[in-house]
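The sequence shown runs 1411 to 2007 under the numbering used here. Here the structure comes first, spelled out in structure tokens, and everything after it is commentary.
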Amino acid sequence: HRTKQEQDISVWPDNPMGSGAEGAKFRFQWTYPILVSKYDPKTLYVTANVVFKSINEGMSWTQISGDLTRDDTSKLHSSGGPITKDNTSVEYYATIFTFAESPVDKNVLWSGSDDGLVQVTKDGGASWQNVTPGDLPPWSMMSIIDASPYDPGTAYFAANRYKLDDFTPYLFKTTDYGKSWKKIVNGIPEGEFTHVIRADPNRKGLLYAGTERGIYCSFNDGESWQPLQINLPVTPVHDIAIQAKEKDLIVATHGRAFWILDDLTPIYQLNDKVVADEVHLFKPRDTYRIEAGSFERPGMAVGSNPPSGALIYYYFKNKPKAKDSVKVDILDSKGTLVKSFAGKSTKDDAPKDDNESDDNENPTAPADSGMNRFIWNMHYPDAVKVPGAIMWAGTTDGPLAVPGTYQVRLTVAGKSWTEPFELKVDPRITTSQADLQEQFDFLIKIRDKVTEADETVNNIRDIKKQTGDFVKKLDKQPYKKTVADSSKSLNDKLTKIENEIIQTKIKADEDALNFPIKLNDKIAGLIGVVSSADTKPTKQSYDVYTELSAQLDAQIAKYKKVLETDLPAFDETVKKLDIPAVILKPSKESGGGTEKK
């Protein structure tokens, strides 16, 4: 049994199926505007050929306008024929196609019809004025009307006439409630008819327009336009939305899915000075301390999630020269270095990725002409690894930075630029800053202990390799056995220590089912336990860390003792034998040209 909680609140629930528009009391088009007031979530607006308003979430409706269309009866008749009719209301004409409420005055409402009329009310619908521009050709379809977020008398609309074989772009602006209009299409090519125009709520004068072939932006309130296509396919853009708080731009295409420009921060900061600069570091937007996941399924066309981390943008008028080192540093609020990333340019014809590197844990920052984007994953440096080692329980990932103020520093040829930004706490959690700091401090402690373990293993393996390689060089030399015996004595002790710190028999993931993991993997396993949630570590995590650390410290003490005694003994053995630095292989004796039988 399912409880019904979704109610049909249709304005006029008289199904018009089979009837033409001429017989309808109200004409609703297929995707008629539905608007929730920004001033009161219980107030709704819906449009047919007239405007309806509800103040109780649709339980009742009031008509607040007369017919705001041309209401031309010659165009209101049954669709289809002469044999088969097609009347589902999809085909109805003379309807209100777009509707907008002023973000700065709740009494100012704008209406645009599919037969070419623009109407406005300044008193909440008590009276309406036809303010259609005189130079807009009749029967234009008013696609989108957008009310300015800064001024109640300013509005913009996009219209089109492609159904009448007119592919001209039509964008208009008014600043006086429609008494006068200005056509604003400079920079949009002829033939790219327009679907939508939107004003950015975070930067006055910044507009976006969607056409039949893509997207454009204007920095001067429509006086001129330039493409904002970037990697967007050539496709009709039918609507645009600005996520004002997080500063994202969302576009709805016709047939090519939704697309999001993840960060408008650089666009907000663009000005003539920035464009003239040789180098410019943009102030990053504040970033939530959230590590986003992704969903992929083979064979399915799914979009990409936004990048996880702090987005860092910087601009080079010219590609930095090879001799000019480029570096991106992340600093904490006190200016202490968190992590450093080297810059790397690509070939001019190569694709430019955000973070280019064969090593995903130590990416390089792009350093090419134009705009560059680098993503800091919000993590501190990783623990040292044992090359080729496979861990079952553990990870060497560095801890996630705590919420707070950070800085990005861009250095080019010895000159630096610095900008601050915030890592904001995940709004879904209630953990205190103190508990997050305790978690971070403990994770740093675990990471450093893993580094201590892995560095010991790496050093042991380096010593064993050096002594082994040295013994091989002594092939067929009279003192080889003496050196080999000393090397074996040294390496046997090192191997015993190594085998306690790391499981040397694991060569594939499932090998851990047969060979128990050792100290470095066990300690590294605590990283996943402690970082499993944004919260204070458990007591048992501390207890296990204390126990495992003591075991590791005992092995490291043995290792240091070997360094203090056995390694010098090996060196002394070699020294006493006075082995030359360059060892020649014994020469082969040769006959006089006649083989002895």
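All C-beta atoms in this analysis are idealised placements derived from N, C-alpha and C, irrespective of residue type, glycine included. Fair warning: this is a prediction, and the values are worked out from it, not measured in the lab.
Name the residue from Lys1583, Asp1586, Ser1550 whose alpha carbon lies nearest to the alpha carbon of tyrosine 1572.
Locating residue 1572 in the sequence shown gives position 162, counting from the first residue. The residue with the shortest Cα to Cα distance from tyrosine 1572 is Ser1550.
Would you check whether the ligand GTP has a heavy atom nearer than 7 Å to the C-beta of lysine 1655?
This structure simply doesn't include the ligand GTP, nor any ligand for that matter.
Would you identify the three-state DSSP class for lysine 1392, choosing helix, strand or coil?
An answer regarding residue 1392 cannot be provided, because it is not within the stretch 1411 to 2007 covered by the chain.
Whole angstroms are fine: how far does the CA of leucine 1642 sit from the CA of serine 1714?
Walking along the sequence shown from the start, residue 1714 turns up at place 304. Walking along the sequence shown from the start, residue 1642 turns up at place 232. Roughly 13 Å separates the two Cα atoms.
Looking at C-alpha atoms only, which residue of Ile1722, Asp1696, Tyr1724 is the closest neighbour of proline 1813?
Position 403 of the sequence shown, counted from the start, is the residue given in the question as residue 1813. It is Asp1696 whose Cα lies nearest to the Cα of proline 1813.
Straight-line CA distance for glutamine 1849 to arginine 1857?
As a first step, residue 1849 must be located in the sequence shown, where it is residue number 439. As a first step, residue 1857 must be located in the sequence shown, where it is residue number 447. Distance between the alpha carbons of glutamine 1849 and arginine 1857: 12 Å.
Only counting the same chain, and skipping five residues up and downstream in sequence, which positions put a Cβ closer than 6 Å to that of proline 1366?
The question about residue 1366 has no answer here: the residues shown for the chain are numbered 1411 through 2007.
Tell me whether the beta-carbon of leucine 1478 lies closer than 8 Å to the beta-carbon of valine 1460.
As a working note, residue 1478 is residue 68 in the sequence shown. As a working note, residue 1460 is residue 50 in the sequence shown. Closer than 8 Å, so yes.
Does the beta-carbon of phenylalanine 1668 have 16 or more other beta-carbons within 10 angstroms, so that it is buried, or is it exposed?
Stepping through the sequence shown from its first residue, residue 1668 is reached at position 258. So phenylalanine 1668 counts as exposed.
May I ask you to verify whether the region 1946-1953 touches the region 1970-1982, counting CB pairs closer than 8 Å and requiring at least 3?
Not touching, per the Cβ criterion.
With a threshold of 16 other CB atoms inside 10 Å of the CB of histidine 1605, please say whether the residue is buried or exposed.
On the sequence shown, position 195 is the one that residue 1605 refers to. Histidine 1605 comes out buried.
Of all the options Tyr1724, Gly1745, Leu1671, which has the alpha carbon lying nearest to the alpha carbon of proline 1717?
As a working mapping, residue 1717 is identified with position 307 in the sequence shown. Closest by alpha carbon: Leu1671.
Nearest to cysteine 1627 by CA position, among Phe1751, Asp1921, Val1595, Ala1775, is which residue?
As a working note, residue 1627 is residue 217 in the sequence shown. Looking at the Cα atoms, Val1595 is the closest of the given residues.
Where aspartate 1418 and tyrosine 1442 are concerned, what is the direct C-alpha to C-alpha distance, given to the nearest angstrom?
By 1-based counting over the sequence shown, the position of residue 1418 is 8. By 1-based counting over the sequence shown, the position of residue 1442 is 32. Between aspartate 1418 and tyrosine 1442, the C-alpha separation is close to 16 Å.
Can you tell me whether histidine 1664 is buried or exposed? The criterion is at least 16 other CB atoms within 10 Å of its CB, across all chains shown.
For the purposes of this step, residue 1664 is taken as the residue at position 254 of the sequence shown. Burial call: exposed.
Between which residues of its own chain and threonine 1821 is the CB-CB distance below 6 Å, once the five residues before and five after are set aside?
Indexing the sequence shown from 1 puts residue 1821 at position 411. Cβ within range, chain order: Lys1737.
Run through the DSSP bridge pairs and tell me what isoleucine 1607 is partnered with.
Along the sequence shown, one-based indexing puts residue 1607 at 197. According to DSSP, isoleucine 1607 bridges with Ala1619.
Pick helix, strand or coil for aspartate 1418, following the three-state DSSP scheme.
Within the sequence shown, residue 1418 is the residue found at index 8, counting from 1. Three-state result, aspartate 1418: coil.
Could you check what DSSP says for alanine 1967 in three-state terms: helix, strand or coil?
Against the sequence shown, residue 1967 aligns to sequence position 557. Correct three-state label for alanine 1967: helix.
Which runs of the alpha helix (DSSP H) fall wholly inside the region 1628-1716 and span at least 4 residues, in chain order?
Entirely contained in the region 1628-1716, the alpha helix (DSSP H) runs reaching 4 residues are, in chain order, 1675-1679, 1682-1686.
Within a Cβ cutoff of 7 Å, which residues of the same chain sit near glutamine 1961, ignoring the five residues on either side of it in sequence?
Start at 1 with the first residue of the sequence shown, and residue 1961 comes out as number 551. Leu1929, listed in sequence order.
Only counting runs of 3 or more residues, tell me where the beta strand (DSSP E) segments fall wholly within the region 1444-1498, in order along the chain.
Here the runs fully enclosed are 1444-1446, 1454-1457, 1461-1464.
Could you name each continuous alpha helix (DSSP H) segment of 4 residues or more that falls completely within the region 1841-1929, going from the start of the chain to the end?
Here the runs fully enclosed are 1843-1883, 1890-1911.
Given a threshold of 16 other Cβ atoms within 10 Å of its Cβ, counted over all protein chains shown, does valine 1421 qualify as buried or as exposed?
Here residue 1421 corresponds to residue number 11 of the sequence shown, with the count starting at 1. Buried is the call here.
What are the partner residues of alanine 1557, as DSSP defines its beta bridges?
By one-based count along the sequence shown, residue 1557 stands at place 147. Answer by DSSP bridge pairing, in chain order: Ala1565.
Could you pull out every residue in the same chain whose Cβ sits closer than 8 Å to the Cβ of glycine 2003, ignoring the five residues on either side in sequence?
Residue numbering aside, residue 2003 sits at position 593 when the sequence shown is read from its first letter. Unreliable placement is indicated for glycine 2003, whose pLDDT of 43 sits below 50; no coordinate value is reported for it.
What span of residues does the alpha helix (DSSP H) with valine 1738 cover, start to end?
Position 328 of the sequence shown, counted from the start, is the residue given in the question as residue 1738. Segment 1736-1742 is the beta strand (DSSP E) holding valine 1738; no alpha helix (DSSP H) there.
Between aspartate 1768 and the rest of its own chain, which residues show a CB-CB distance below 7 Å, the 5 nearest in sequence each way excluded?
Start at 1 with the first residue of the sequence shown, and residue 1768 comes out as number 358. Because aspartate 1768 sits at a pLDDT of 40, beneath the cut-off of 50, its placement in the model cannot be relied upon, and the following sentence gives the value as read from the coordinates. Same-chain partners within the cutoff: there are none.
Nearest to alanine 1379 by CA position, among Lys1516, Trp1786, Glu1501, is which residue?
Outside the shown range of the chain (1411 to 2007) lies residue 1379, about which nothing can therefore be said.
Taking the alpha-carbon positions, what's the lysine 1657 to lysine 1749 distance?
Here residue 1657 refers to the residue found at position 247 when the sequence shown is read from its first residue. Here residue 1749 refers to the residue found at position 339 when the sequence shown is read from its first residue. Distance between the alpha carbons of lysine 1657 and lysine 1749 is about 26 Å.
Report the three-state DSSP secondary structure of glycine 2002 (helix, strand or coil).
Here residue 2002 corresponds to residue number 592 of the sequence shown, with the count starting at 1. Low confidence applies to glycine 2002: its pLDDT is 44, below 50, so where it sits in the model is not reliable, and the reading given next is rough at best. In the structure shown, glycine 2002 sits in coil (DSSP, three-state: anything other than H, G, I, E or B).
Please report the straight-line C-alpha distance between serine 1423 and phenylalanine 1436, rounded to a whole angstrom.
By 1-based counting over the sequence shown, the position of residue 1423 is 13. By 1-based counting over the sequence shown, the position of residue 1436 is 26. Rather than serine, the amino acid found at residue 1423 in this sequence is proline. Straight-line Cα distance between these residues: approximately 11 Å.
Expressed to the nearest angstrom, what Euclidean distance is found between the alpha-carbon atoms of arginine 1480 and leucine 1833?
Mapped onto the sequence shown, residue 1480 falls at position 70. Mapped onto the sequence shown, residue 1833 falls at position 423. Distance between the alpha carbons of arginine 1480 and leucine 1833: 54 Å.
Using the three-state DSSP reduction, which class does glutamine 1529 fall into: helix, strand or coil?
Residue mapping note: residue 1529 aligns to position 119 of the sequence shown, counting from 1. Residue state, collapsed to three classes: strand.
In whole angstroms, give me the CA-to-CA distance for aspartate 1673 and isoleucine 1640.
On the sequence shown, residue 1673 is found 263 positions in, with the first residue counted as 1. On the sequence shown, residue 1640 is found 230 positions in, with the first residue counted as 1. For aspartate 1673 and isoleucine 1640, the distance between alpha carbons rounds to 13 Å.
Roughly how many angstroms lie between the CA atoms of asparagine 1497 and valine 1530, to the nearest whole one?
Residue 1497 sits at position 87 when you count from the first residue of the sequence shown. Residue 1530 sits at position 120 when you count from the first residue of the sequence shown. Their backbone Cα atoms lie some 31 Å apart in a straight line.
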